[in-house]
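Structure, as structure tokens:
In our numbering, the protein residues as written are -16 to 51.
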């Protein structure tokens, strides 16, 4: 690919707003609301540049869960 064929902006050049100190890079929930699994899930989501749902405990309404 020549310089003329290159896209104007690459992903690494796209400006990104800084996150708040306790902000998760993958979901709208604060990091301190994540358990170990949710933190690992969100870290992998961010690292892989994936767009997938949230598994954070903060995303689950305990009143909506159905008992088996």
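Ideal placement from N, C-alpha and C gives every residue a C-beta, glycine not left out.
CA-to-CA, the gap between residue 3 and residue 21 works out to about 18 Å. Residue state for residue 27 is assigned as helix, using DSSP reduced to three classes. Here residue 21 carries a helix assignment [DSSP, helix/strand/coil]. Counting only the Cα atoms, residue 5 lies some 5 Å from residue 14. Spanning the alpha carbons of residue 25 and residue 32 requires a straight line of approximately 10 Å.
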